[in-house]
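Structure, as structure tokens:
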Amino acid sequence: DAEITQSPRHKITETGRQVTLACHQTWNHNNMFWYRQDLGHGLRLIHYSYGVQDTNKGEVSDGYSVSRSNTEDLPLTLESAASSQTSVYFCASSAGQEPYEQYFGPGTRLTVT
Amino acid sequence: ELKVEQNPLFLSMQEGKNYTIYCNYSTTSDRLYWYRQDPGKSLESLFVLLSNGAVKQEGRLMASLDTKARLSTLHITAAVHDLSATYFCAPLRGGGADGLTFGKGTHLIIQP
Numbered sequence: 001d002a003e004i005t006q007s008p009r010h011k012i013t014e015t016g017r018q019v020t021l022a023c024h025q026t027w028n029h030n031n032m033f034w035y036r037q038d039l040g041h042g043l044r045l046i047h048y049s050y051g052v053q054d055t056n057k058g059e060v061s062d063g064y065s066v067s068r069s070n071t072e073d074l075p076l077t078l079e080s081a082a083s084s085q086t087s088v089y090f091c092a093s094s095a096g097q098e099p100y101e102q103y104f105g106p107g108t109r110l111t112v113t
Numbered sequence: 114e115l116k117v118e119q120n121p122l123f124l125s126m127q128e129g130k131n132y133t134i135y136c137n138y139s140t141t142s143d144r145l146y147w148y149r150q151d152p153g154k155s156l157e158s159l160f161v162l163l164s165n166g167a168v169k170q171e172g173r174l175m176a177s178l179d180t181k182a183r184l185s186t187l188h189i190t191a192a193v194h195d196l197s198a199t200y201f202c203a204p205l206r207g208g209g210a211d212g213l214t215f216g217k218g219t220h221l222i223i224q225p
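Heads up: the protein sequence lines correspond to chains E and C, in order. Quick note: the first sequence uses this note's numbering, first residue 1, plus one each step. Quick note: the second sequence uses this note's numbering, first residue 114, plus one each step.
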């Protein structure tokens, strides 16, 4: 069965360190997304990609970057982790056609100390 | 900028009762999605609403979309404990690949 996976599932890091969160999907979807979830804010879009070599900023992209070198993967990098980036991160993907329904990964809980 | 407001944010209700969750959004969007999230889990897709007047039903849940009023509703009929979860509405931001803008979620507790 097709799926979307994230790793690690839990991560503790120190302020200032670079951290990369992995996202891998086997749906062969063109579109991939990264969201963060915080209490009181729901989910907010960080970055998204329409396909290989394409990346776009979402509403809370400062301090984050992504790259898309193949269809299956969209890693999220925190260049210099800050305590404000402690959150649960969800990756999602959707097909490049209607109904654009997004399927979510299991999430990564990141703690920055 | 698309803004999404869900009401209520917290709801405690008894089994067997009916209730409606409201989702208002600020700018035109003709695609809206409802998700369910259980504590500590990921998001599960419930409904995909693709046009004005769309209505979808699954078991005790029914969702509708009024794009002119920029309003979607999620109606719960004869609630049961298993429906306890957080429910999110999310209209599409722009084109199909532009991502979703989520409401803050409605935390629903259904008590026996």
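Glycine included, every Cβ here is placed at the ideal spot set by N, Cα and C.
*If we count Cβ pairs, one from each stretch, closer than 8 Å, do we get three or more for the stretch 132-140 of chain C versus the stretch 180-187 of chain C?*
yes
*Should C/N131 and C/T190 be called a contact, given that it needs their Cβ atoms to be closer than 8 Å?*
yes
_Buried or exposed for E/R9, going by 16 or more other Cβ atoms inside 10 Å?_
exposed
*asked:* Do E/T108 and E/L21 have their beta-carbon atoms positioned less than 8 Å apart in this structure?
replied: yes
*Which word fits C/T140, buried or exposed, when buried means at least 16 other C-beta atoms lie within 10 angstroms of its C-beta?*
Result: exposed.
*Comparing the C-beta of C/Y146 with each C-beta of chain E, is any distance below 8 Å?*
For C/Y146, the answer is yes, since a Cβ of chain E falls inside 8 Å of its Cβ.
*E/Q53 at chain C interface by Cβ criterion, 8 Å*: Chain C, which has no Cβ nearer than 8 Å to the Cβ of E/Q53, makes this no.
*For C/N165, is the classification buried or exposed, using 16 other Cβ atoms within 10 angstroms of its Cβ as the cut-off for buried?*
Label assigned to C/N165: exposed.
*Proximal chain C residues relative to E/L21, where beta-carbon distance stays under 7 Å*: Here the premise fails: no neighbours, minimum Cβ distance about 14 Å.
*Look up E/N31 in the DSSP assignment and give the residues it is bridged to.*
The partner list for E/N31 (beta bridge, DSSP) reads E/S94.
_Partners in chain C for E/E72, counting only beta-carbon separations shorter than 8 Å_ = Result: empty, since nearest Cβ-Cβ is about 17 Å, beyond 8 Å.
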